[in-house]
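Number of protein chains: 2
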Amino acid sequence: MQARPISKPKPQNATQKVADALALAIHEHRLMPGTKLGEDEIGEIYNVSRTVVRAALQSLAHIQLVEIQRNKGAFVASPTTREAREVFEARILLEPRTARSAASRATPRDIEILKDHIAQEHLALDAGDNGRALNLSGRFHIEIARIADQNTISQFIETLIARSSLVIALYWRRESALCESHAHHALVQSIADGDEQNAEELMHSHIVDLNSALDLRDRPVQAQNLRELLQATDQ
Amino acid sequence: MQARPISKPKPQNATQKVADALALAIHEHRLMPGTKLGEDEIGEIYNVSRTVVRAALQSLAHIQLVEIQRNKGAFVASPTTREAREVFEARILLEPRTARSAASRATPRDIEILKDHIAQEHLALDAGDNGRALNLSGRFHIEIARIADQNTISQFIETLIARSSLVIALYWRRESALCESHAHHALVQSIADGDEQNAEELMHSHIVDLNSALDLRDRPVQAQNLRELLQATDQ
DNA sequence: ATGTTCGAAATTGTATACAATCTGACCGCA
DNA sequence: TGCGGTCAGATTGTATACAATTTCGAACAT
Numbered sequence: 001m002q003a004r005p006i007s008k009p010k011p012q013n014a015t016q017k018v019a020d021a022l023a024l025a026i027h028e029h030r031l032m033p034g035t036k037l038g039e040d041e042i043g044e045i046y047n048v049s050r051t052v053v054r055a056a057l058q059s060l061a062h063i064q065l066v067e068i069q070r071n072k073g074a075f076v077a078s079p080t081t082r083e084a085r086e087v088f089e090a091r092i093l094l095e096p097r098t099a100r101s102a103a104s105r106a107t108p109r110d111i112e113i114l115k116d117h118i119a120q121e122h123l124a125l126d127a128g129d130n131g132r133a134l135n136l137s138g139r140f141h142i143e144i145a146r147i148a149d150q151n152t153i154s155q156f157i158e159t160l161i162a163r164s165s166l167v168i169a170l171y172w173r174r175e176s177a178l179c180e181s182h183a184h185h186a187l188v189q190s191i192a193d194g195d196e197q198n199a200e201e202l203m204h205s206h207i208v209d210l211n212s213a214l215d216l217r218d219r220p221v222q223a224q225n226l227r228e229l230l231q232a233t234d235q
Numbered sequence: 001m002q003a004r005p006i007s008k009p010k011p012q013n014a015t016q017k018v019a020d021a022l023a024l025a026i027h028e029h030r031l032m033p034g035t036k037l038g039e040d041e042i043g044e045i046y047n048v049s050r051t052v053v054r055a056a057l058q059s060l061a062h063i064q065l066v067e068i069q070r071n072k073g074a075f076v077a078s079p080t081t082r083e084a085r086e087v088f089e090a091r092i093l094l095e096p097r098t099a100r101s102a103a104s105r106a107t108p109r110d111i112e113i114l115k116d117h118i119a120q121e122h123l124a125l126d127a128g129d130n131g132r133a134l135n136l137s138g139r140f141h142i143e144i145a146r147i148a149d150q151n152t153i154s155q156f157i158e159t160l161i162a163r164s165s166l167v168i169a170l171y172w173r174r175e176s177a178l179c180e181s182h183a184h185h186a187l188v189q190s191i192a193d194g195d196e197q198n199a200e201e202l203m204h205s206h207i208v209d210l211n212s213a214l215d216l217r218d219r220p221v222q223a224q225n226l227r228e229l230l231q232a233t234d235q
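Printed below as a string of structure tokens:
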């Protein structure tokens, strides 16, 4: 009785595929902030027309993964130190509450998924694939938001995680260790226990820790594109 | 030495203009939830090609003012009762804190602007233009977020206000009075006084009041489009 | 050598053309 | 009458074509 033969051949949205591919590359720090994203170039890579590339770029611009300058083109976004601070302030406001909610709702299946995330994260780290590890680390937070079952807030958190990836690319201090997996492990434990208070507090301190591993002193980030930094751009 | 002759003739972004026009119409409840937004139709109205209409619609879809169904088209979004609840929960989470921050930073100029908003709101109400009044009421909240000087959170609040407009269109109880201007007035007072605690509490209760003026019992909203409601759509 | 002007190449913004999909009505048949 | 199938019209998805703007280098003057 099922109308469809289980799998769609590929009548999928091309725009979404391109957007996802670009987002992944950005999250894994293969595309660094400031990189120019030419429409033709991307179109050739994925064998699609500029129409869909433009749609993908606009979609990414909306979550501020890329920045579109009129008549200039799209670039991987370069959050300022101020924006970086704002992103983490917002995370501190949203995520602890969300972790609490997740602790009150998580099913055994959810715990499985979270533990799996952590395991994969370890694997990536051991393999020296820091980009993949970072991406997984972000998706861990997104997964918690999903468990909390608040789609609206989850979406906000998703964009914050995305921007955090850019912030980390720009401002992460080499000195501080990247291994947050311990914090993640403790979080999962408290969620599994249904300990709302503990989950909320752990998430709070986790994000504070992340934030304090950034060097957000105002300074010229890189000498990469003076133009952007110097000329007063009005949209 | 200024390069440009003060005003741009109109090399402005056509997409943004269309998106703004549509958003305004939605906010003012001239376009009701569920309304089909045909690309050709809108293109003819604003004398632009489908290309820019599509971009505008996708932009609005991203803030969930419209809903795009593949191969079907774009419709003014119809938030479910669940989404409505989520929107207000998110507002309760974000806005009181933002009001507190606004109270600590507002300049005399900011207070002027807020009072002006309220005045205009009164005018619109007296003129019987409920749509305009509702829109102004929303922009009042956005203005407070701007004063709080947290762009990231402001943007979230902006989308929440936008969605609230749809929620109100669908679920507002006729019985309850629309006049929230008293609450707004008290808020401005506490912000002007720099009374952070009071501002936070007033904003909290204000949003709770708004929420309680909605009828969010689960029920078929309208008989408008069975298809959407019945068939499991996988994006 | 330094700085300025001009123009061709490249890139983005917008419009149009073509392909794929959906909608809805008409028609035949039980 | 009611049900199902088929086809034309309409609508969206994607590609291409054209217009507007920027970029960058070469020619030229200082």
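Sequence order for the protein chains is A and B. Numbering-wise, the first sequence is residues 1 to 235 according to full-length UniProt numbering. Numbering-wise, the second sequence is residues 1 to 235 according to full-length UniProt numbering. Glycine residues also receive a C-beta, built at the ideal position from the N, C-alpha and C atoms.
At least 8 Å separates the CB of ARG50 of chain A from every CB of chain B. Within the same chain, SER190 come within 6 Å of ASN198 of chain A by CB-CB distance, once the 5 residues on both sides are set aside. For VAL53 of chain A, DSSP assigns no beta-bridge partner whatsoever.
For the set B:VAL18, B:ILE63 and B:THR107, the Cα lying nearest the Cα of GLU41 of chain B is the one of B:VAL18. By the neighbour-count definition (other C-beta atoms within 10 Å, threshold 16), GLN69 of chain A is an exposed residue. Against chain B, the CB of ILE153 of chain A has a partner CB under 8 Å away; the residue lies at that interface.
Inside the region 90-143 of chain A, DSSP marks whole alpha helix (DSSP H) runs of 4 or more residues at positions 108-126, from first to last along the chain. Contacts with chain A at 8 Å (Cβ-Cβ) include HIS62 of chain B. According to the DSSP assignment, GLY43 of chain B belongs to the alpha helix (DSSP H) that extends over 39-46.
Taking a contact as a CB-CB distance under 8 Å, the pair LEU93 of chain B and ARG97 of chain A counts as one, their CB atoms being some 6 Å apart. ILE207 of chain B carries a helical assignment under DSSP once its states are collapsed to helix, strand and coil. Annotated as distal: GLY128 of chain B and SER165 of chain B, with beta-carbon spacing of 8 Å or more.
Secondary structure of LYS72 of chain B (DSSP, three-state): coil.
Taking C-beta atoms as the reference points, ALA23 of chain B and LEU60 of chain B count as a pair closer than 8 Å. Contact check for ILE111 of chain B and HIS184 of chain B: beta-carbon distance about 13 Å, past the 8 Å limit, so the pair fails to qualify. When only Cα atoms are considered, PHE140 of chain B and VAL87 of chain B end up about 17 Å apart. GLU196 of chain A is outside the set of residues whose beta carbon lies under 8 Å from a beta carbon in chain B.
In the structure shown, LEU160 of chain B adopts helical secondary structure according to DSSP, grouped into three states.
Against chain A, a Cβ distance below 8 Å from SER59 of chain B picks out GLN58 and HIS62. In the three-state reduction of the DSSP assignment, GLU86 of chain B falls in the helix class. A buried status is given to PRO79 of chain A, since no fewer than 16 other beta-carbon atoms sit within 10 Å of its beta-carbon.
In chain order, VAL76, ALA77, SER78, LEU166, ALA169 and LEU170 place their CB closer than 7 Å to the CB of PRO33 of chain B, counting only its own chain and leaving out the 5 sequence neighbours on each side. For a Cβ distance threshold of 7 Å, nothing in chain B lies close to ARG100 of chain A: the least Cβ distance comes to about 12 Å.
Scanning A:VAL53, A:LEU37, A:THR35 and A:LYS36 for the CA closest to the CA of GLY43 of chain A turns up A:VAL53. With a threshold of 16 other beta carbon atoms within 10 Å, ASN47 of chain A falls short and is exposed.
The Cβ atoms of VAL188 of chain A and LEU136 of chain A do not sit closer than 8 Å to each other.
Per DSSP, the continuous alpha helix (DSSP H) segment holding ASP20 of chain B begins and ends at 14-27. A check of alpha carbon separations from LEU37 of chain B across B:HIS182, B:LEU216 and B:ALA74 identifies B:ALA74 as the nearest. Every alpha helix (DSSP H) stretch that sits fully inside the region 166-203 of chain A and reaches 4 residues is listed by chain position as 181-192. With contacts defined by Cβ atoms closer than 8 Å, SER154 of chain B and ALA145 of chain B form a contacting pair. Contacts with chain A at 8 Å (Cβ-Cβ) do not include PHE75 of chain B. Among the bridge pairs identified by DSSP, LEU214 of chain A is matched with A:TRP172.
Residues of the region 80-109 of chain B with a C-beta less than 8 Å from any C-beta of chain A: GLU83, GLU86, VAL87, GLU89, ALA90, LEU93, LEU94 and ARG97, listed in chain order. Contact between SER101 of chain A and GLY194 of chain A does not hold, since their C-beta atoms are separated by about 11 Å, which reaches or exceeds 8 Å.
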